[in-house]
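Asks: Each protein sequence line maps, in turn, to chains A and B. Quick note on numbering: the numbering used here labels position 78 of the first sequence as 78, and the sequence is numbered without any gaps. Quick note on numbering: the numbering used here labels position 163 of the second sequence as 559, and the sequence is numbered without any gaps. Ideal placement from N, C-alpha and C gives every residue a C-beta, glycine not left out. Here it is: the structure, laid out below.
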Amino acid sequence: MLNFSRNKLVSIARKDEDTLLVHGILDDVIYGLEVDATVRISDMTFLSVNGKWNRYTTPECPKALPFLREATGFCINDKNITQKLQKTVGRKGCRHFATILIECCRSVKEAVRIIQWEAIKADHPNLTFEEFVNGEPREASYDSAEEKASPPHIEVREKTVRKDMPDARDSGGQDKTSGGFVIDLHTHTFPASPCSSVSEDDLITEAKRISLDGICLADHNYVWPVSRVEDLIQKHGFPVFRGNEVTTDQGHMLVFGLEKEIRSGGLVKIEELREAVEEADGFMIVAHPFRGFLTFGVGQLGLTVEKAMERPFFKYVDAIEVMNGKVTEKENGFASEVSAALGLPVTGGSDAHEVSEVGLYATRFPDSIKNENDLLNALKSGKGSPLAFRKEKTMV
Amino acid sequence: MTHMLTFSRNRCTGVEQVDDQTIRSYCRLQDTLTDAYVEITARLPDLDITGVKGEIQRGYRETPEPDEFLQKVIGVRIGPGMLEIIKGLLGDSPDYEELGFMVEECCHGVILSLTKGTLLRAPRNTEDRTEFFSAMVKENIRLYNRCAAFAPGSLLVEGITPPE
C-alpha cells in the first residue's frame, strides 16, 4: 500500500508579452497548498506571490502566508534562488510553500525556453527545440554550480601555525573550576562558511568573554591561511586554532593538521580524505554522526548501537564528536554509546553559527595547548573529554 | 492573447514500505518537455540508498545511460546533509540535473512518509494539538524558529526558552 504520496502541479500561462501567470499546487498526504504568482519575462523576477492553505498540520501554520510576499522581486535566474526561497519563504514562513515555489521557478525556466524558441522559430521555421537548446549557453543547473565549476580537489596551503600562542588565562581569562585547557573545537565563521552569521572577531571575543581557553575555526571545506590566524591571535591575545569541516560522501568530518583544502562545493570520498590525513599525520573526527530528523529520532527507525557501529565511516576516523550543539541530547547520547562500544576517543564542539552558540560544548584537555602541534598531540593522546561548557559554567 | 497554457508540469512522488527493512520511493515527472521516472530503495534503519534506477522517456537533453549515472548515489544515507552529498556525487551537468533533483524528491518523500507516522499521533482538538506540537519543540529544540508556526510569538513555543 502507498504510505505517502505527493503531487506538485504547475501551470503557466502568458498574461501578456512580458508577463507569466503561474499557478502551483502542492497536495500530499500531509499538506495541501496553492500559490499564484506573476513573473516578468524580461528580467525573470516575481512581480507578485500569493498563496493559500487547503490543509495543514499545526494551528499556527496560517501564520506562514504573509511571508510568501517576501519572494516578490526575487529573480528566478539568480543562481541562489533556491537558497533564497528556503531562507525567506521556507524558514520564516513554511518550507512546503518554498518547495512549490522552487518547482514554479524550475517550470518558469522551461516555459521561457519554449517562448524564446517560438520567437526565434518565426525567422527559422525549421529550428527544432533540441537544436535551440543545444545552442544555448550551458547554464549551471544547481544553485552552487558556479562554485562547483571545477572538480573537487585537495589543494596545498600554507604551513601550520607553530608559534606559541598567548595563554587566555594570562590575559584575564579565568581558569575552569575543573582545570585543564578547554577549546571549542567546532565553530563556523562568515563568509568562510556561508551558513554562519558571525565574524571571526565576534566569535573570538565571545570565546574570550565566556573564558574558554581557545577556539578552533573549523569552517566548511576551508582552511584558514596561517597569516590571517596569526593576525587574529595577536589582535585578540587569544589562542585560535585551525580545523576544517570537510564534506565527504559519508558526511561531515572535522580534520586537523591537514594543510590542504577541499575546494568549496566539492565532495571528497572518505577514503581519499583519510589517506590525505594520514599523509599529513593529522587527525580526523566524525562530526555529529547521528544528526537526525526534525520530527522523529533515529531510535524510531530501529537503529541500535550494534547496528550503528557498522556504519562505514567509523573505520576511517580517529575520534567521534559526541557533544555537538546542533543535535539533540538524545542524538549526542546515542553517539556516546556508540563511541563507548567502539572504544574510540570522543570530543565536543559547539558547531556555532551564531555568537550565542560559542562554547555550548567544548573539549577539555589535561595540559595547556600552545600551538597547533600541541593540539594535534593532545587529540592523538585520546585524553580530551567533551563538556557542556556553558551549562557547567552557569552551574559553578 | 488567450490564456492557453504555455507550460504545464505534474510531478508525483510515492513511497511504499516493501517489507520491514525496505522502503521504495519513486518520482514521476511529466511536463510539456519531459517525461522521466526515478526510483530508489532505502534500507532501514540507516535509510541508506541500496538501489536506484531512472529513465527518461521524453526529453530534450542528452542523457545517455541515466540508470548508470544514478548509481553514484548508492550508499548515501537519507537524512540531514544528504542534498549536499547527492549534488556532490552527481555533479552539475545540466543534462542530468533533473534526474538528480528527482532523486532528492524521492529522498524527501521517504522523510515525509516517516514524518506522517509522527503526525498521526497528533490529537484532533486544537488545545491538545497545540500541546502536542509544543512538546515536539521541547523534545527537539532545532524546531524552534524553523518556520512561522514555531517562531517566537507562536502559541506552540510559548514558555519555551530559545536555544542560547
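I'd like to know whether the C-beta atoms of Met323(A) and Pro386(A) end up nearer to each other than 8 angstroms.
Replies: Yes, the pair counts as a contact, with Cβ atoms nearer than the cut-off.
Asks: Say whether chain B places a C-beta atom closer than 8 angstroms to the C-beta of Gly93(A).
Replies: Closer than 8 angstroms to some Cβ of chain B, the Cβ of Gly93(A) qualifies, so yes.
Asks: Where do the ends of the beta strand (DSSP E) carrying His252(A) lie?
Replies: Taken as a continuous stretch (DSSP letters only), the beta strand (DSSP E) holding His252(A) covers 251 to 256.
Asks: What does the Cβ neighbour count give for Asn126(A), buried or exposed, with the cut at 16 atoms within 10 Å?
Replies: Asn126(A) should be labelled exposed.
Asks: Is it buried or exposed, Ile120(A), if we count other Cβ atoms within 10 angstroms and call 16 or more buried?
Replies: By the neighbour-count rule (16 or more Cβ atoms within 10 Å), Ile120(A) is not buried but exposed.
Asks: Whose Cβ in chain A lies nearer than 9 angstroms to the Cβ of Ile406(B)?
Replies: Sequence check: residue 406(B) is Asn here, not Ile. Those are Asn7, Lys8, Leu9, Val10, listed as they occur along chain A.
Asks: Are the C-beta atoms of Phe293(A) and some chain B residue less than 8 angstroms apart?
Replies: Yes, contact with chain B.
Asks: Specify the secondary structure class of Arg407(B) as computed by DSSP and reduced to three states.
Replies: Note: Arg407(B) maps to strand in three-state DSSP.
Asks: Just grab the DSSP bridge partners of Asn324(A) for me.
Replies: Answer is Gly349(A).
Asks: So with Cβ pairs under 8 angstroms, would you call Ala378(A) a contact of chain B?
Replies: No, Ala378(A) does not count as interfacial toward chain B.
Asks: Nearest chain B C-beta to Arg69(A) closer than 8 angstroms, yes or no?
Replies: So, not an interface residue.
Asks: Following the continuous beta strand (DSSP E) through Lys399(A), name the residue where it begins and the one where it ends.
Replies: The question about residue 399(A) has no answer here: the residues shown for chain A are numbered 1 through 396.
Asks: Using CA atoms only, rank isn't needed, just tell me which of Thr304(A), Met253(A), Ser196(A), Ala308(A) is closest to Ile285(A).
Replies: The shortest C-alpha separation from Ile285(A) is found at Met253(A).
Asks: Residues bridged to Ile183(A) by DSSP?
Replies: Answer is Gly214(A), Thr363(A).
Asks: So with Cβ pairs under 8 angstroms, would you call Gly505(B) a contact of chain A?
Replies: Yes - at least one Cβ of chain A is within 8 angstroms of the one on Gly505(B).
Asks: Can you tell me the Cα-Cα spacing of Gly450(B) and Gly384(A), whole angstroms?
Replies: For Gly450(B) and Gly384(A), the distance between alpha carbons rounds to 47 angstroms.
Asks: Kindly indicate which residue of Thr304(A), Ala98(A), Asp16(A), Arg14(A) has the alpha-carbon position closest to the one of Leu33(A).
Replies: Cα-wise, what sits closest to Leu33(A) is Ala98(A).
Asks: Can you pull the chain B neighbours of His438(A), defined as C-beta to C-beta under 7 angstroms?
Replies: The structure shown has nothing for residue 438(A), since chain A only spans 1 to 396.
Asks: Taking 8 angstroms as the CB-CB limit, is Val198(A) close to chain B?
Replies: No, its Cβ sits nowhere closer than 8 angstroms to a Cβ of chain B.
Asks: Quick one: does Asn536(B) have its CB under 8 angstroms from some CB of chain A?
Replies: So yes, Asn536(B) belongs to the interface.
Asks: Within this structure, are the beta carbons of Leu485(B) and Asp249(A) separated by less than 8 angstroms?
Replies: Against a cut-off of 8 angstroms, the Cβ pair of Asp249(A) and Leu485(B) comes out as a contact.
Asks: Any beta-carbon of chain B closer than 8 angstroms to the one on Val255(A)?
Replies: Chain B contact via Cβ: absent.
Asks: What residues of chain A sit near Ile556(B), judged by a beta carbon separation below 7 angstroms?
Replies: Per Cβ cutoff of 7 angstroms: no residues; Ile556(B) is ~13 angstroms from chain A at best.
Asks: Identify the continuous beta strand (DSSP E) that holds Glu435(B) and give its terminal residues.
Replies: First-last of the beta strand (DSSP E) with Glu435(B): 431 to 439.
Asks: Using the Cβ count rule (16 or more neighbours within 10 Å means buried), how would you classify Gly251(A)?
Replies: By the neighbour-count rule (16 or more Cβ atoms within 10 Å), Gly251(A) is buried.
Asks: To which residues of the same chain is Gly455(B) closer than 6 angstroms at the C-beta, ignoring the five residues directly before and after it?
Replies: Here the set comprises Thr430.
Asks: May I have the straight-line CA-CA distance separating Pro370(B) from Cys423(B), to the nearest angstrom?
Replies: There is simply no residue 370(B) to check, as chain B begins at 397 and stops at 560 in what is shown.
Asks: Leaving out five residues on either side along the sequence, give the residues of the same chain with a beta carbon under 8 angstroms from the beta carbon of Cys105(A).
Replies: Excluding positions up to five away in sequence, the list reads Ile76, Ile81, Thr82, Leu85.
Asks: Along the chain, where does the beta strand (DSSP E) that runs through His23(A) open and close?
Replies: Run containing His23(A): 19 to 28, per the beta strand (DSSP E) assignment.
Asks: Please confirm if Ala111(A) has its CB atom under 8 angstroms from at least one CB of chain B.
Replies: By this cut-off, Ala111(A) is an interface position.
Asks: Using a Cβ-Cβ distance under 8 angstroms, would Phe129(A) count as near chain B?
Replies: Output row for Phe129(A): interface = yes.
Asks: Unbroken beta strand (DSSP E) runs of length 3 or more, entirely within the segment 216 to 249 of chain A: which are they?
Replies: As far as the segment 216 to 249 of chain A is concerned, its whole beta strand (DSSP E) runs of at least 3 residues are 240 to 242, 244 to 248.
Asks: Run down chain B in chain order and give the residues with a C-beta less than 9 angstroms from the C-beta of Ala307(A).
Replies: Contrary to the premise, residue 307(A) reads as Lys rather than Ala in this sequence. In chain order: Pro441, Asp442.
Asks: Provide the residue(s) that pair with Ala37(A) in DSSP beta bridges, ordered along the chain.
Replies: For Ala37(A), which the question treats as bridged, DSSP gives the partners Val22(A), Val49(A).
Asks: Quick check on Val240(A): buried or exposed, where buried means 16 or more other Cβ atoms within 10 Å of its Cβ?
Replies: Classification for Val240(A): buried.
Asks: Identify which residue in Asn3(A), Glu17(A), Gly24(A) has its Cα closest to the Cα of Ser11(A).
Replies: Closest by alpha carbon: Gly24(A).
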